[in-house]
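In what follows, a structure is listed as structure tokens, so that the remarks can point back to it.
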Amino acid sequence: VRTDPRRDRTRDALLRAGQRLFAERDVDGVSVDEIVEAAAVAKGSFYNHFADKVAFAREIAAAVRRDVEQLVNEANIGIDDPAEDVSRALCVFVRYAMEHRDRARALWRLNTGATLADAPINRGLREVVRRGIEDETFRHVDVETGVLLVMGNFVITLRHVFDASAQAKPEKVAALMAAGLLRSLGVPAARAGKLGAAAARDILG
């Protein structure tokens, strides 16, 4: 299928503008007028590509999630241990937030629609948690609780990365938060600490 290069450029300009604006404000705090002004396109162009502002925000969040998930998949090639998978995934999120601040902040602000454990976008995470429970790497949690623990930990960790006043280095925070997350999933403390430190060293060191 042939695409219109000009139409594609307009769509890309809108998405880039949305990422910048949503990095600073929630959906309700950004108007369509501001989006098209930041993108330097006509207002009618917005509705040629997106049904409304909510659909626009959803597309931005999904695009960033796809980027991060691809990086997580690449970082975890050959990793069979669910605990190692989760700790490395957290460190990938932290690295992404450090390297792509606006995109990560936009995801952080727009991710409320993906907070349900059974949301389609969390399918990969559910599979990792389910596998960890089945092989008894994760204990004393069910799949839904495990997914919520992982998502909550990721959100708090990213919040720290975005906090300009935070004194602890992101690498140290990622190692400690990964270890804490694994402990909450039932991984023994000593092993959780080793996996968290190794993930941070490998991905953020």
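Residue 126 in our numbering sits at position 122 of the sequence shown, and the numbers go up by one each step. Just so it is clear, CB atoms sit at the ideal spot from N, CA and C, and this is done for glycine as well.
Residue i burial status per 10 Å Cβ neighbour count (16 or more: buried)
{"i": "I160", "result": "exposed"}
{"i": "P174", "result": "buried"}
{"i": "E138", "result": "exposed"}
{"i": "R113", "result": "buried"}
{"i": "G82", "result": "exposed"}
{"i": "S91", "result": "buried"}
{"i": "D220", "result": "As shown, the chain starts at 5 and ends at 209. That puts residue 220 outside it, with no answer to give."}
{"i": "R99", "result": "buried"}
{"i": "A21", "result": "buried"}
{"i": "V165", "result": "buried"}
Alpha carbon of residue i to alpha carbon of residue j, nearest angstrom
{"i": "V132", "j": "G48", "result": "43 Å"}
{"i": "D85", "j": "G136", "result": "8 Å"}
{"i": "A101", "j": "R107", "result": "8 Å"}
{"i": "Q23", "j": "I64", "result": "7 Å"}
{"i": "L94", "j": "A17", "result": "30 Å"}
{"i": "Q74", "j": "G190", "result": "27 Å"}
8 Å contact criterion, which residue i and residue j should meet: CB distance rounded
{"i": "G210", "j": "A172", "result": "Only positions 5 to 209 of the chain appear in this structure, which leaves residue 210 out of reach."}
{"i": "L25", "j": "V68", "result": "The pair is not a contact, with the Cβ atoms about 14 Å apart (cut-off 8 Å)."}
Where the alpha helix (DSSP H) through residue i begins and ends
{"i": "H144", "result": "Neither: H144 is in no alpha helix (DSSP H) and is coded neither H nor E."}
{"i": "L189", "result": "Segment: none, L189 is in no alpha helix (DSSP H) and carries neither H nor E."}
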